[in-house]
Amino acid sequence: MPHPLIVPMTAHIALAAFLYVLLTVARAPAIWGIGRKDDGSNPWAGVEPRISANLSNQFEWPLFFHVACVLLIVRNDSGSWPLLLAWLFVAGRVLHSAVQIGTRNVRLRGLVFTVNFVAVLGLWAVMLVDASR
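Counted from 1, the sequence shown has number 114 at position 108 by the numbering used here; the numbering is strictly sequential.
Okay, structure coming up:
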């Protein structure tokens, strides 16, 4: 049976894969002509840059999430706090993606990002506290 932290890590990877598919669909009218409007324009033109930016975001702060999880797995830490924080991070990433792609509300996006930020800091705090014992 895999370590419990593998599942939320895989969920985040699935989110990134979904965003790649969404970006491909959004770029299809411009790149391949598939789904163009009658006037030749791309119906996704307004949202495509936000999808692209969100996909890039999946390789910034989440890096620290994955590193913390790998270190916790190597230490064989399967406590409830790391798992709770990992799922909080994943839920925050999904919500962050929805806000960034679906709205232009930067303030809300910042608030949602704070969930991800705190969850990752929490994972590192758990690791440091356990390491000092």
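Ideal placement from N, C-alpha and C gives every residue a C-beta, glycine not left out.
Counting only the Cα atoms, I79 lies some 37 Å from A32. In terms of CA proximity to V13, L94 leads the group L94, R115, F123, H102. Counting C-beta atoms within 10 angstroms of its own C-beta, F24 has fewer than 16 neighbours from the protein chains shown and is therefore classed as exposed. In summary, M15 is buried, with 16 or more beta-carbon neighbours lying within 10 Å of its beta-carbon over all protein chains present. Residue nearest to F123 within the set D136, A34, I107, A97 is A97 (criterion: CA-CA distance).
Considering only V27, L90, T30, I57, the residue with the shortest C-alpha distance to V121 is L90. Nearest in C-alpha terms to G128, of all of F71, R99, S84, is F71. In the DSSP assignment, E66 falls outside any alpha helix (DSSP H), carrying neither H nor E.
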